[in-house]
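Take the sequence shown: its position 43, counted from the start at 1, is 43 in UniProt numbering, and no numbers get skipped. Even for Gly, the Cβ is constructed at its ideal location relative to N, Cα and C.
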Amino acid sequence: MTLIISAYAYEHILHASDRLTVVRRGHAIGDHDIMANKTVIVIGTDCWLVFGFAGLAYLDGKPTDQFIAEAISGTPELSGAAIRMLSDRLALHYQEICERLVKAVVDAYKR
């Protein structure tokens, strides 16, 4: 079960999620990907966006967090990089960030 909690109070926003992804093998359930995240943080020119997700652990054969990061950044292969440095900020507004992500997800589900 995925747990995602987001809250807004006065001048503070909190977002927390678990990281565990599991796989069923017969009747046993075990850890699947101990490096996965269920939250991706994106810093645009006019925003900080926090995407939390549940459901499929993989899209297009990639961990979902990596899929999201690649879709937004336009970088086709981020498996060797866990984070882009803050100095490498994307010159994207929130609307373009969201459009890139929506397009990538829709395209993935069409395949």
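Asked                                                                                                              : Found
CB of residue 28 within 8 Å of CB of residue 57, strictly                                                          : no
Alpha carbon of residue 73 to alpha carbon of residue 43, nearest angstrom                                         : 11 Å
Residue 65 classed as buried or exposed, judged by whether at least 16 other C-beta atoms fall within 10 angstroms : buried
Of the listed residues 68, 39 and 34, nearest to residue 14 (C-alpha basis)                                        : 39
6 Å CB neighbourhood of residue 5 in its chain, flanking five on each side removed                                 : 16
6 Å CB neighbourhood of residue 50 in its chain, flanking five on each side removed                                : 15 and 41
Extent of the continuous alpha helix (DSSP H) to which residue 71 belongs                                          : 64 to 73
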